[in-house]
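Numbering (this note's numbering), first residue to last: 10 to 820. Ideal placement from N, C-alpha and C gives every residue a C-beta, glycine not left out. Quick caveat: nothing in here was measured; it's all calculated off a predicted structure.
The following block contains the structure:
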């Protein structure tokens, strides 16, 4: 690194040290407020300040401040288990942090970067050559020096790390020797990147062309691997390419962070990488600046004041000129994903702070290069629109534009024709698992096979991604269309085995029979509506268009546009459905959400729950239901001390690392014991929430919350799975209960109850509607019962009027 660059780093560190006094004052004021009020808001703000301070101290190499601030932030993030002990620990951590801040602001100590400045007085080489074969290294070095390169040779892998830090080369030429899958020289290069503050160019040599050697080289940042013995001319050619890169127009970056010290650091790191960087500390200023400069990438911190980073991203997406601007969100490692789930910003990235300069540069470079390349391709397409209007470049099929033209021509003809829309289910998984090249091969194979099924009068089109359209003039009845579609799906199923790897996929088809003149867009919408219904089922399904389906779609779109407002205006209410024991005693009540739309009236939860999940708003509903249900439970428990409340949580709730902390705070606020809240989950929710869901459930159980597995018997349910989950209650799905009247000799339900009892799980049967069902379930060992035989869901006022609530018995 040039001497002037190290001087800039040193100036920034001095500025950070000077700004620490202001940060210390702000931290001290927040600490005093926390001690005085002991409220959750002050605790959260103190935690935020500590995380921010730890991140800034990390990137400026003040490890003492980093460690002490990080420890206090971690302690503040923990729920209280032993309040007195934790208070003492917090005080101790705060004292250590104050000492570190005081010593850092007053100390004349020079840290690592300041010492590096002295090393810049020498005319350092630009190339470091590592090879344990000293004779070969000297031979190659002689050739390179003859062409004007200044080299340092290192032959001892144990010393390579120190040599890298001392010489700070622009390029590293590294010989690879693997020992038990490890290469000490490449590991030294990887380890040095953080201390160097940048990623040197790497060129590797190896005696063997193996996957392991190439993997190790790639991890070290190598862009080219050559086999030994190397040709000096080839080395010179590659070296010149690495050092004398052709410089393109600088990329324009907009960096948004509320911490001026962090902003200064990242701006300088990006400027050193050749980027033009604009900065802002507030959301409004960032938005106005983005409109003005049209950046090729925005890096946005999540913790902006008055407007979160996610909200700023949504505002940027609303602007036509910025809608395709790539976004990278930055957040501290300890922060949760709740706000990330709020965003519907496809293709955006997320990076954890603190961010080492080399990692920041690599992340940004990959993103902006893709963005500029995409824009160049878009400009080329604009200049030749026929490329996308007429022919799909991957499959050589006509495009949707061509299909609309054909439909318009057919509007003047009499007779019936069949329009189909085919979509591959979960096709993105093929790209994720096997790579885009394999995904493209699958699409090309499907296009060819579908074309073989069509007559000369029929046509096949590709819209985009994994969606195909079929226009069939020979299919004029429902029966003909159904028979053809069944055969087509069978052919697609057989395609799954025609690749080098076993690739399984299914398809869904929406069908629209056209017998009267209608606009092309209307016909396309009809087929899309039918496809939407088909995709609700599992794999290889097709549905015909039904006008009533379109009404449902229209209603769904209307609700989708108003549901966010419904959340903000708290239009959702709650009802409670009781759960009884085998001797007719009230034991618990399930909390259920209801929405009365101002125009549409009562909306089914089956409709509004998926909408909330799609828009990332379901966690807001969960909190609103808790705010409605817990005060009511507190009131009821004055009369019935053992009463508990069941609440359903979503995958987004379960993925939030702060869920337990939030529940503890609410239970403490309402003076309720933790065991009075039963958290209901389903196995599908566990799968959606990911690997962290098990740890989340274990944390909840450790704090006394009860976990119930809901809707058991549907989806992925497995009895062998129960023993691994930290659940204490099992709710059998209503579909099993409804089968009792049809087949009392069904052995599956008694077997489930018997095995669940062996696992010491409390069992609740849902959907009990008749006395016969109730009596049968008691005889096979069921312990709890819920359904209309006992009571429908009721408001709190209506529950208070019932005889069973007043007496805790059913007459």
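Beta-carbon contacts of residue i that lie in its chain and below 6 Å, excluding the five residues immediately before and after
i	result
residue 466	482
residue 179	135
residue 683	676, 712, 713, 714
residue 535	521, 554
residue 163	139, 169, 172
residue 231	211, 213
residue 765	739, 772
residue 328	none
residue 313	267, 292
residue 51	42, 43
residue 401	408, 471
Whole-angstrom distance between residue j and residue i, CA atom to CA atom
i	j	result
residue 92	residue 98	10 Å
residue 435	residue 643	45 Å
residue 525	residue 717	53 Å
residue 814	residue 791	22 Å
residue 450	residue 210	34 Å
residue 785	residue 807	29 Å
residue 44	residue 640	27 Å
residue 501	residue 405	19 Å
residue 635	residue 200	48 Å
residue 656	residue 425	52 Å
residue 267	residue 293	12 Å
residue 66	residue 103	16 Å
residue 29	residue 573	41 Å
residue 604	residue 645	24 Å
residue 748	residue 782	9 Å
Residues near residue i in its chain [Cβ-Cβ closer than 8 Å; skip 5 each side]
i	result
residue 606	568, 571, 575, 580, 612
residue 24	270, 273
residue 256	With a pLDDT of only 48 at residue 256, under 50, the local geometry of the prediction cannot be trusted, and the value read off the model is given with reservation. Around residue 256: 283.
residue 668	658, 662, 705, 709
residue 544	432, 434, 517, 550
residue 112	73
residue 356	With a pLDDT of 48 at residue 356, under the threshold of 50, the modelled position of that residue is not reliable, and no figure is offered here.
Run of the alpha helix (DSSP H) containing residue i, from where it starts to where it stops
i	result
residue 608	That residue, residue 608, is in no alpha helix (DSSP H); it is neither H nor E in DSSP.
residue 74	72-86
residue 168	166-176
residue 645	627-645
residue 223	220-228
residue 69	Careful: residue 69 lies outside any alpha helix (DSSP H) and carries neither H nor E.
Residues near residue i in its chain [Cβ-Cβ closer than 7 Å; skip 5 each side]
i	result
residue 412	470, 478, 480
residue 58	35, 36, 39
residue 156	245
residue 31	none
residue 296	321, 324, 325
residue 735	706, 707, 710, 716
residue 802	584, 585, 586, 601
residue 633	579, 581
residue 348	In this prediction, residue 348 has a pLDDT of 47, which is less than 50 and means its spatial position is unreliable; what the coordinates show is noted afterwards. Closer than 7 Å at the Cβ level, and outside the excluded window around residue 348, lie 311, 317, 319.
Residue j beta carbon less than 9 Å from that of residue i
i	j	result
residue 214	residue 236	yes
residue 322	residue 302	no
residue 376	residue 319	no
residue 149	residue 169	no
residue 74	residue 42	no
residue 794	residue 774	yes
residue 468	residue 529	no
residue 654	residue 598	yes
residue 519	residue 540	yes
residue 49	residue 491	no
residue 585	residue 625	no
residue 463	residue 427	no
residue 238	residue 153	no
residue 285	residue 265	no
residue 166	residue 197	yes
residue 311	residue 263	no
residue 306	residue 261	yes
First through last residue of the beta strand (DSSP E) which encompasses residue i
i	result
residue 289	285-289
residue 545	Neither: residue 545 is in no beta strand (DSSP E) and is coded neither H nor E.
Residue-chain proximity (residue i, chain B), Cβ-Cβ < 9 Å
i	result
residue 534	The displayed structure is made up of one protein chain only, and chain B is not part of it.
### Message
If contact is defined by three or more beta carbon pairs under 8 Å, each pair taking one atom from either stretch, is the segment 761-779 in contact with the segment 735-752?
### Response
At 8 Å Cβ cutoff, the stretches touch.
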